[in-house]
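There are 2 protein chains.
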Amino acid sequence: MALSPSRTVAELKELRELTGDSEGAQRVAWTETWSTARKWLDKKVSELPVEKTCDAAGNQWFTLPGDSERALLIGGHIDSVPNGGWLDGALNVMAGVEVLRRIAADGTPPVTVRLVNWADEEGARFGRSLFGSSAAAGSMADQDELRGRRDADGVSLPEAIARFDVDLATALEAKAELASAAAYLELHIEQGPVLESLGLPLGVVLGTFGVERHQVTFRGQAAHAGSTPMDKRRDALAGAARLELEIREIAKRAGEGAVCTMGGVVTRPGIVTSVVETAECLLDQRHLDATKLAEMLSNAEAASRRFAEEESIDVEWERIWNIEPILFDEALIELADEAVREVAGSSHRLPSGPLHDAAEVARAGVPTVMLFVQSLRGLSHTKLEDTEEEHLELSVQALDRLADKAMAQVAAG
Amino acid sequence: MALSPSRTVAELKELRELTGDSEGAQRVAWTETWSTARKWLDKKVSELPVEKTCDAAGNQWFTLPGDSERALLIGGHIDSVPNGGWLDGALNVMAGVEVLRRIAADGTPPVTVRLVNWADEEGARFGRSLFGSSAAAGSMADQDELRGRRDADGVSLPEAIARFDVDLATALEAKAELASAAAYLELHIEQGPVLESLGLPLGVVLGTFGVERHQVTFRGQAAHAGSTPMDKRRDALAGAARLELEIREIAKRAGEGAVCTMGGVVTRPGIVTSVVETAECLLDQRHLDATKLAEMLSNAEAASRRFAEEESIDVEWERIWNIEPILFDEALIELADEAVREVAGSSHRLPSGPLHDAAEVARAGVPTVMLFVQSLRGLSHTKLEDTEEEHLELSVQALDRLADKAMAQVAAG
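The structure is reproduced here in structure tokens:
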């Protein structure tokens, strides 16, 4: 039986009919619709000679035994955000199903091949993303905090996951699943505009960005807009404006892949008749290189202090969240590049802005790589999310080629 | 009987005790507390040979007849904002009372002298400032709209003013009061930092600023902060930031007295993970010179369009409100300057950012001038509003001198 990329597209449409509505995909983790999708997936692989298991964190595993117990993993997530797109997560899983079919049809593979459907990548219901993969990676450390989480209807996280036989007390037992893992592959839509702007269907992901996220608050003095001369003002908004423009220069100096975003400013008192007293800025900085990320942060801090001094205002930084960059495996990146070039003619290497389950697996020490397929207009987390079918089919072919190359490499030891 | 500036300070404190509380002055127009203040004022002038009247707009008049019917007016307002200061408005009225006492003690003046306590300068309860003075000036034109206004408790404006025998249908009959007016004087706290920064107690006001008030909306494209490269962004906040910095240069180029303020920015979606799609900016521009004000506006518009083009975003301007500059009388400005120099040694001429009843009187064609007395820290509309007592006393003296000079000028024809 040959690989059928068009079947993957057809199955994704079938899943969309089954679990979506006029507002988009509704496969939010730990819900009935998600359960429907998981059962549907289970049926899709029922004709294959695979062992079906569910681990302690709710991750679904489909294991095709090979000559060696060392395992090549292919992963994805069938859960979506509410009113989500048809491809984010599900493409990865269904392309994995198709590759598993092709490998199984070719007879016993040299190494064990396992498809994993990670539980709750999106964190849409309880605000905790990468649930299943972080449990399997052993990096989940916020169980105590998660016990108190409730959804918008007041249902607690422990209650919701118990319906799927998952318990925070034992979720980390999922770590056992990665013991035999020798490589991990994940395909995903890009969720950004880079491949589309380059006119390329496919790219190879170098890793996921490190992120530094801060609230930067400038404090000046409210003063009457009519009676306060320009040179007597202590305008907090001036600090925010100068930082907004400076972070673009900071990103430029930090080289390719660097991004800095001021995602919002809240001004107080925020009325037309007063100079702004406080300006609270949300700052997000990302880089694949930890040293350069640290440099970007310290450059932004230094700039903000200089602006504050020059404007006679104060500035205060408060970290909201941060994560180190996670680099993918160099050898697998080379194989992925080969696979993409064979299928699409040319390839492009790019970092991933969003996090993915692959980042958790890589942090756990498993050699990892991801493929990106072009997103139209860079849109995701909306029903408008889309990718040309031709590109979807190329992505299934590329994952298949990559799986073959990775199996050979794992088998070679 | 000699002028007693210290009595004015004592009476202001008496009024504060009578009509204020721990949060500040509570003499909001059309309330019981305001009524208490008006009756108290009435008593204060009861020993003077003045005619007491109330016009069709609720303004209180105290008329000291002179040899000529041509009248010198001295004005102020005893109403305050809620939790207001002890001086804003009341200083003008009580200094006027003291000047009236001194003139009356000197015998029949050469011209008629009238003290007016304008009704509802602040507009605190119904959002309509300069109520009484705009009726007397004949510029009130929003009676139909005012009929629908209600306060926070649902009481309508017509209902509230009816308790003071004022009716929107007849309020403009107050115009008759200005028929004989030959000059108008008003003393006020500066409500800004200029005199304090110059170390001067008193200043002469050149007029009230023209104001151009706009909402400027920049529209770009929301995009993922992690997956959208810097050169692919259409960041609405960049337009807002550049305009915020540019309006300072525009004000600088427009010369002394020009002010431009971005009082607030609202960013949407306003989250840390997204480039800003829309930035709504509140822009306030003021100048004493109508031509320069128009130039400042057109410079800001042109700059915003240039920024929009360079940032690949859109920009839209919507006027919120505007008013022409109102210039005070040149001859009275000279007299006021003399009076201030005689009392305080040196004077300073400055525009007024806030509007005042004097602006309405000037618009009606009555030669007008204002005196400013220093405000500590520029604060007003708060219980923290204050002025050194020594400066308050100097301000009463300066108003007295100015009244004498103005009477002589009016008498001379």
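Protein sequence lines correspond, in order, to chains H and A. Counting from 1, one number per residue, gives the positions in the first sequence under the working numbering. Counting from 1001, one number per residue, gives the positions in the second sequence under the working numbering. Beta carbons: idealized from backbone N, C-alpha and C, even for Gly.
Asked, Found
"Straight-line Cα distance separating A1104/A from L1064/A", "7 Å"
"Residues from the region 280 to 298 of chain H in contact with chain A, defined by Cβ distance under 7 Å", "L282, D284 and R286"
"CB contact flag (P351/H, L283/H, <8 Å)", "no"
"Chain H within 8 Å of P1354/A, Cβ atoms only", "yes"
"Contacts around V28/H, its chain only, beta-carbon distance under 8 Å, and the 5 residues preceding and following it disregarded", "W34, D79, S80, V81, P82, E122, A124 and R125"
"Per-residue DSSP class, three states only, for V340/H", "helix"
"Local conformation of V1166/A per DSSP, three classes", "coil"
"Entirely enclosed beta strand (DSSP E) segments - the region 338 to 381 of chain H, minimum 3 residues", "349 to 352 and 368 to 373"
"Alpha-carbon spacing of I313/H relative to P1193/A, whole angstroms", "17 Å"
"Backbone secondary structure at K1052/A - three-state DSSP", "strand"
"Contact list for the region 182 to 203 of chain H against chain A, Cβ threshold 9 Å", "E190, Q191, G192, P193, V194 and S197"
"Cβ pair A1398/A, L1371/A closer than 8 Å", "yes"
"Members of the region 246 to 270 of chain H near chain A, C-beta cut-off 9 Å", "R248, A251, K252, E256, G257, A258, V259, C260, T261, M262, G263, G264, V265, V266, T267, R268, P269 and G270"
"Element boundaries [beta strand (DSSP E), containing D1284/A]", "T1278 to H1287"
"Cβ-Cβ separation, E1177/A to W1030/A (assumed contact under 8 Å), whole Å", "Not confirmed; about 20 Å, so no contact."
"Listed by chain order, chain H residues near R1213/A by CB distance under 8 Å", "V272"
"Integer Cβ distance of D357/H from L130/H, believed to fall under 8 Å", "6 Å"
"Contacts that R242/H makes with chain A (C-beta to C-beta distance below 8 Å)", "A1241 and L1245"
"Length of the line joining the Cα atoms of G138/H and T170/H", "11 Å"
"S134/H versus D142/H: straight-line alpha-carbon distance, rounded", "10 Å"
"Of the residues G239/H, E32/H and P109/H, the one placed nearest E277/H, counting alpha carbons only", "G239/H"
"CB of D1235/A within 8 Å of CB of E1173/A, strictly", "no"
"Burial state of E1047/A, where buried means 16 or more other Cβ atoms lie within 10 Å", "exposed"
"Three or more C-beta pairs below 8 Å linking the region 357 to 367 of chain H and the region 179 to 194 of chain H", "yes"
"Own chain, CB closer than 7 Å to F164/H, minus 5 neighbours either side, in chain order", "W30 and G58"
"Those runs of the alpha helix (DSSP H) which lie wholly inside the region 78 to 148 of chain H and span at least 4 residues", "90 to 105, 131 to 137 and 143 to 147"
"DSSP state of W1040/A mapped onto helix, strand, coil", "helix"
"is_contact[A1105/A, chain H] using C-beta, thresh 8 Å", "no"
"Any chain H beta carbon closer than 8 Å to V1111/A", "no"
"Contact with chain H by S1022/A, beta-carbon distance below 8 Å", "no"
"Helix, strand or coil at G1075/A according to DSSP, with G and I counted as helix", "strand"
"Segment limits, alpha helix (DSSP H) that includes M407/H", "E389 to A412"
"Closest by C-alpha distance to G378/H, when choosing among S1156/A, A1359/A, G1226/A and L1091/A", "G1226/A"
"Chain C contact for K1383/A (CB, 8 Å cutoff)", "Looking at the structure shown, chain C is missing, and the protein chains on hand are H and A."
"Residues, ordered as in the chain, of the region 368 to 394 of chain H that lie near chain A by beta-carbon distance below 8 Å", "G378 and S380"
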